[in-house]
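As you go down the protein sequences, you meet chains V and Y in turn.
Numbering-wise, the working numbering puts 1093 at position 78 of the first sequence, and it's gapless, one number per residue.
Numbering-wise, the working numbering puts 728 at position 252 of the second sequence, and it's gapless, one number per residue.
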Amino acid sequence: MQKLTADQTDGLTELINIGVGRAAGVLNDMTESHVSLRVPAITLLSQDTIDEELGDMSDDLLASVQLRFAGSFSGTAALVFPTESANKLVTALTGDDEDDQDLDEIRVGTLNEVGNIVVNGVMGSISNVLSEAIEYTVPDYKEDVIANLLRADTAGAQMTVLLAATHFTIEELRLGGEIILLFEVGSFDALVAALDQLMEE
Amino acid sequence: MRSLDVLDHVPVGVFVLTPEFKVSFWNKVLEDWTGIERGDVVGQDVTGALPHLREGRYAGRLRTIFEGGPPAVFSAQLHKHIVPARRRSGEPRLQHTTVTPLRDEDGRVSALFAIQDVTELTKRSRQYRELAAKVQAVNVELEGFAYSVSHDLRAPLRTMEGFSVALLEDYGEAIGEQGRDYLGRIIDGSRRLDSLIRDLLLYSRLSRQEISITNVPLDAVVREVVDRLRSYLNGELGNVETQTGLPHVVANRLTLVQVLTNLLSNATKFMHPDREPQIRVTAERRDEGWVRVWIEDNGIGIAADHQERIFKVFERLHGDDEFPGTGIGLAIVRVGMERLDGRVGVESVEGEGSRFWIELREGTP
Ligand SMILES: Nc1ncnc2c1ncn2[C@@H]1O[C@H](COP(=O)(O)OP(=O)(O)O)[C@@H](O)[C@H]1O
Ligand SMILES: [Mg+2]
């Protein structure tokens, strides 16, 4: 398992925070409510340790918006929430007054957009430090337990998993989610190398 | 972009925007939805037909697309509309839009807007939501009703039973043989009614109560249920064989105890008169993380026609003198398994025996 130096960890955390900061800006432009987004810390995992790390989330049904990217830099980026938080988030953003609702198709559409904005923010700042063009799929919404959310796309290949605990604050409401980045072999090294180079300059 | 003409034949509104914010394609569906003809909009600046796309909240995200970045989603709840479209009835068309980068031969990136009409979907989920809320409210009311009725019914019943017993004890001599027999029937009847009410209460409580779901060791729970039943039946439980090394399951312990108790007590009750009762409790792993627990007996069995209805409240196949009971046991099993997000079923041949099963997700030890 790869280890990062303190500088590298700081650099990556910063990079992701720039991304979610931009996403918060977009959300603020679009909605009436004031949204702030922060990623206090990141964790690097190998696939075998995911279950342990996400232990407290491991039985819950999670809502996730996933975006796959390919090319010389490839993997999956996802925003993942407990479904209950996802529901609260949609209520807060839309000002929908009924609180206790199912995540129906329409609310799933909203969540899809929110996930899309957050994940795009993060991928935007990542692609800024890489000089390669990245190809993306359209974002996909899924509900499942964490193991299945991550497993589907990663059969076989060993991936590096970056977890970024994400704090949403919308007016009074505080919600936690996870940004999960799965990098295929080599891609994470490329990112760290690019980051190193940036920090030297 | 002639190759895009095929998009006239998909049930989705499609248009293409160049990095200069000029419309370069507008499909037939959009002509129909907006009344804007392709000829009037293609080649024109977007400001004419769709001025809002120049605003910050769209322009910023579109810029990412023109740079070849990831697709963008504009959902129906957060955006009034991407194109000004109304249905013939005059109501606005609600739109869910996905924008993807579209590269031409020269590597120039435009933005392809694919717009789904989600008006019907929205209506339908709103109706569904209202219906669900109504059903929920009725349910809560019904359950509350059942609960208070059962509570209130038991008090006078206990009075009846208590005084009948007192009457029998204190004046039994005076009322003679037949009088004592009548009193005995009154007492039996009250007790029977009391257990009916108690089971109903249990049933309504089970469907109302908040329950917590955890990892439950099946081994220990089965042992607990068998031991308790054995002592309750004064050891006359017959031959119960339980598999050892049963896995953990995801469940609520009390609910699972209740479910297994009801299934096992049925297995011991509906014995065949001609043979020694044989009961087996086993578990097997099913695909995709499910565990199936079998409760098998060699009792009287259940005809195929009745195998569904016995899970409903008060459905019994026998008179009370043949096999006593309330007809609520399996209804409790069914609701319990619903609450545990599990499944339940039965396989049986009349006259040979029954194999009831429940399925739960496997847990971690
Ligand atoms: N193991 C079994 N073997 C045969 N019949 C059964 C068995 N379990 C349940 N049944 C049938 O299903 C009916 C409903 O069961 P249940 O709801 O537990 O009510 P009760 O046990 O009070 O009669 C029973 O009356 C019986 O006819
Ligand atoms: Mg029974």
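All C-beta atoms, glycine included, are put in the ideal place defined by N, C-alpha and C.
Given the structure is predicted, the values throughout are model-derived calculations rather than measurements.
{"Item": "Can you name the residues of chain V whose CB is closer than 7 Å to the CB of Y/G544?", "Value": "A1148"}
{"Item": "Which chain V residues sit within Cβ distance under 9 Å of Y/V594?", "Value": "E1120, I1121, G1124"}
{"Item": "Sorted by chain position, which residues of the same chain lie with C-beta nearer than 8 Å to Y/R699's C-beta, five sequence neighbours on each side aside?", "Value": "T718"}
{"Item": "Please confirm whether V/V1144 has its beta-carbon closer than 8 Å to some beta-carbon of chain Y.", "Value": "no"}
{"Item": "Along chain C, in chain order, which residues have C-beta atoms closer than 7 Å to that of V/N1102?", "Value": "Absent from the structure is chain C; the protein chains it does hold are V and Y."}
{"Item": "Taking V/T1184 and V/V1035 to be in contact with their CB atoms under 8 Å, please state how far apart those CB atoms are, rounded to whole angstroms.", "Value": "The Cβ separation is near 12 Å, so there is no contact."}
{"Item": "Tell me whether V/S1202 counts as near ligand 2, meaning its Cβ is closer than 7 Å to at least one heavy atom of that ligand.", "Value": "no"}
{"Item": "Out of V/L1126, V/E1193, V/I1033, state which residue places its alpha-carbon closest to the alpha-carbon of V/A1092.", "Value": "V/E1193"}
{"Item": "For V/Q1212, count neighbouring C-beta atoms within 10 Å of its own C-beta (all shown protein chains included) and say buried if the count is 16 or more, exposed if not.", "Value": "exposed"}
{"Item": "Please classify Y/Y724: is it buried, with 16 or more other beta-carbons within 10 angstroms of its beta-carbon, or exposed?", "Value": "Per the sequence presented here, residue 724 of chain Y reads as His, with Tyr not at that position. Classification of Y/H724: buried, given that the 10 Å Cβ count is 16 or more."}
{"Item": "How would you list, in chain order, the residues of chain V whose beta-carbon sits under 9 Å from the beta-carbon of Y/F589?", "Value": "Under the 9 Å cutoff, chain V gives no residues; its nearest Cβ is about 13 Å from Y/F589."}
{"Item": "From Y/G544, Y/D593, Y/S586, Y/F550, pick the residue whose C-alpha is nearest to that of Y/P567; which is it?", "Value": "Sequence check: residue 567 of chain Y is Glu here, not Pro. The shortest Cα separation from Y/E567 among Y/G544, Y/D593, Y/S586, Y/F550 belongs to Y/D593."}
{"Item": "Look at the alpha carbon of Y/I771 and the alpha carbon of Y/V822, and state the distance between them as a whole number of angstroms.", "Value": "9 Å"}
{"Item": "Can you list every residue whose CB sits closer than 7 Å to some heavy atom of ligand 2, going in chain order?", "Value": "Y/N738, Y/S741, Y/N742, Y/K745, Y/G801, Y/G805, Y/L806"}
{"Item": "Could you tell me if V/G1136 is buried or exposed, where buried requires 16 or more neighbouring beta carbons within 10 angstroms of its beta carbon?", "Value": "buried"}
{"Item": "What residue from V/L1197, V/A1162, V/V1144 has the CA that sits closest to V/E1215's CA?", "Value": "V/V1144"}
{"Item": "Taking just the CA atoms, how far does Y/R539 sit from V/V1134?", "Value": "16 Å"}
{"Item": "Relative to chain Y, which residues along the segment 1044–1057 of chain V have a C-beta separation below 8 Å, given in chain order?", "Value": "D1044, M1045, T1046"}
{"Item": "Helix, strand or coil: how does DSSP classify Y/P546 here?", "Value": "coil"}
{"Item": "Inspect the beta-carbon positions of V/T1028 and V/V1054 and report whether they are closer than 8 Å.", "Value": "yes"}
{"Item": "Please confirm if Y/P495 has its CB atom under 8 Å from at least one CB of chain V.", "Value": "no"}
{"Item": "I'd like to confirm the pairing. Which residues does DSSP put opposite V/Y1156 in its beta bridges?", "Value": "V/V1080"}
{"Item": "Determine, for Y/H557, whether the minimum Cβ-Cβ distance to residues of chain V falls below 8 Å.", "Value": "no"}
{"Item": "Can you check DSSP and say which residues form a bridge with V/P1097?", "Value": "V/L1077"}
{"Item": "Inspect the beta-carbon positions of Y/I786 and Y/F746 and report whether they are closer than 8 Å.", "Value": "no"}
{"Item": "Y/S741 lies in the alpha helix (DSSP H); which residues open and close that run?", "Value": "729–745"}
{"Item": "My output table needs one value for V/I1132: the three-state DSSP class, helix, strand or coil.", "Value": "helix"}
{"Item": "Nearest CA to the CA of V/N1102: which residue from V/I1195, V/G1086, V/V1123?", "Value": "V/V1123"}
{"Item": "What runs of the beta strand (DSSP E), each 3 residues or longer, lie entirely inside the segment 758–812 of chain Y?", "Value": "766–773"}
{"Item": "Which residues in chain V have a C-beta closer than 9 Å to the C-beta of Y/A561? List them in chain order.", "Value": "Chain V residues near Y/A561: none, gap ~17 Å exceeds 9 Å."}
{"Item": "To the nearest angstrom, report how far apart Y/S741 and Y/G721 are at their CA atoms.", "Value": "23 Å"}
{"Item": "From Y/D508 to Y/A590, what does the alpha carbon distance come to, in whole angstroms?", "Value": "15 Å"}
{"Item": "Would you say the beta carbon of Y/R450 is closer than 7 Å to some non-hydrogen atom of ligand 1?", "Value": "Chain Y is shown from 477 up to 841; residue 450 of chain Y falls before or after that span and cannot be answered."}
{"Item": "Counting only C-beta atoms, is Y/A622 closer than 8 Å to chain V at any point?", "Value": "no"}
{"Item": "For Y/G511, which of helix, strand or coil comes out of DSSP?", "Value": "coil"}
{"Item": "Can you pull the chain V residues whose beta carbon is under 7 Å from the beta carbon of Y/T540, in chain order?", "Value": "N1135, G1139"}
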